[in-house]
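Numbering (my numbering), first residue to last: 61 to 462.
Ideal Cβ positions, reconstructed from N, Cα and C, are used throughout, including at glycine.
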Ligand SMILES: Cc1ncc(COP(=O)(O)O)c(C=O)c1O
């Protein structure tokens, strides 16, 4: 959680600016707000980091995914290719915009693969919701090629990859729309918040209206504004945006520290037989929020987790068993349990969710263990952690050798 590690004076200053005006709302109240517009400033800061032409801040990363889908024109009955390894919000956003999720294979990038996407395309496929997992990035050249050849809209859920890039382009800005989460666990936080980005002005206007009941945000009389499209309330408040602004300004520093620390951790862990790492299609663009290591197979990874627990090693994620990040534990989605009918209940699921065949994803996530990088770690702490990890892996792999 690097963002929260550096929480301090800067965040308090931005919050105080808002409290002094008393205007907690991001729109209107021009006379009272003394020219304090934190959501707008936060969006400008996100544009600087990502290179996006347009950025629109909303209430969470989840609502940013919803905005990214809706503003790109994805809706009822559209098949959307999604990964089985993501935070569950990506799949929920497809279901709640009326779309039909189609699960496809990931690869060692931890993201959907071009081959996986290709195999999942049907005549009803409208979009790919590509999720850049664990701070890294997907193989963008290959994926863009498949999307172009098959006329698919690419939506990038970069909830975990703010400030990552691919060949110089900000992750999240390569597809039609992209989005980031600024929740408590990310490289920068608002507390709760998210940002949707695009390079397409029309799509940006859609997001701006969609996230605020259709308001056009023209003029200074909210009750009399036109409403070109329907929408809902996904607005961010000024206090959250103020924190996001201060935090985002710290991201270049955090990213640099993360990279230094991750490099050291990788070089230490590379000495351990049986350990390898996730693939980064552009290593220079890594946001380095996670160290993603592979064990030889799922059983070895599970034994390593047991050894970590015995040795008191903290700060790791074993996603394979996580309730919210891997499809094996998503029975409520497989059984389409909801409080009321969704379009998918009427239209039918495009796949048999209870019997999906995704062997590559099972294998990749099964042997993956991730450590969140802390930007305040000292070199000594990193070396100590690597030593502990090494000891645990050695014990876990010794079982196989017997
Ligand atoms: C890939 C991805 N998408 C979307 C989200 C949702 O973000 P939030 O928690 O801000 O709603 C997350 C959060 O972890 C995420 O990791």
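Taking the Cα positions, residue 311 is about 30 Å away from residue 372. Residue 258 carries a strand assignment under DSSP once its states are collapsed to helix, strand and coil.
With respect to the C-alpha of residue 169, the residue from 156, 162, 202 having the closest C-alpha is 202. When rounded, the separation of the alpha-carbon atoms in residue 394 and residue 140 is 16 Å. Pairing residue 240 with residue 218 gives a Cβ-Cβ distance under 9 Å. Straight-line spacing of the CA atoms in residue 419 and residue 173 works out to 13 Å.
Between residue 386 and residue 449, the CB-CB gap reaches or exceeds 9 Å. Taking 8 Å as the cut-off, the C-beta of residue 300 does not count as close to any heavy atom of ligand 1.
For residue 347, the closest of 64, 178, 435 by C-alpha to C-alpha distance is 435. Not one heavy atom of ligand 1 lies closer than 8 Å to the C-beta of residue 353. Here the segment 230-248 does not lie against the segment 81-98, with fewer than 3 beta-carbon pairs under 8 Å apart. Rounded to whole angstroms, the gap between the alpha carbons of residue 402 and residue 408 is 10 Å.
Residue 75 holds the alpha-carbon nearest to the alpha-carbon of residue 251 among 75, 447, 437. Counting along the chain, residue 324 sits inside the alpha helix (DSSP H) bounded by residues 311-329.
When secondary structure is reduced to three states using DSSP, residue 353 falls in the strand class. In the DSSP assignment, the residues bridged to residue 241 are 254.
Remark: the shortest separation between the CB of residue 276 and any heavy atom of ligand 1 does not fall under 8 Å. By the neighbour-count criterion, in which a residue is buried when 16 or more other Cβ atoms sit within 10 angstroms of its Cβ, residue 286 is exposed. Taking non-hydrogen atoms of ligand 1 into account, the C-beta of residue 186 is found less than 8 Å away from none of them.
Judged by DSSP secondary structure, residue 425 falls within the alpha helix (DSSP H) whose first and last residues are 419-426.
For residue 129, the enclosing alpha helix (DSSP H) starts and ends at 121-131.
By the CB criterion at 9 Å, residue 326 and residue 351 fall inside the cutoff. With a threshold of 16 other beta carbon atoms within 10 Å, residue 405 falls short and is exposed.
Less than 9 Å divides the Cβ of residue 377 from the Cβ of residue 429. The C-alpha of residue 381 is placed about 45 Å away from the C-alpha of residue 82. Shown here, residue 413 sits in a helix according to DSSP, grouped into three states.
Under the three-state reduction of DSSP, residue 111 is assigned to coil, being neither helix nor strand. The criterion of a C-beta distance shorter than 9 Å is satisfied by residue 242 and residue 255. Contact annotation: residue 246 and residue 111 have beta-carbon atoms that are not nearer than 9 Å. When only Cα atoms are considered, residue 196 and residue 324 end up about 17 Å apart. Checking the DSSP bridge columns, you'll see residue 226 partnered with 229. Residues 164, 165 of the same chain have their beta carbon placed closer than 8 Å to that of residue 179, with the five preceding and five following residues left out of the count. Rounded to the nearest whole angstrom, the CA to CA distance from residue 357 to residue 384 is 22 Å. At a cut-off of 4 residues, the continuous stretches assigned as alpha helix (DSSP H) that sit fully inside the segment 130-206 are 149-156, 174-180. In this structure, residue 222 keeps its C-beta atom at 9 Å or more from the C-beta atom of residue 142.
For residue 223, the CB stays at least 8 Å from every heavy atom of ligand 1.
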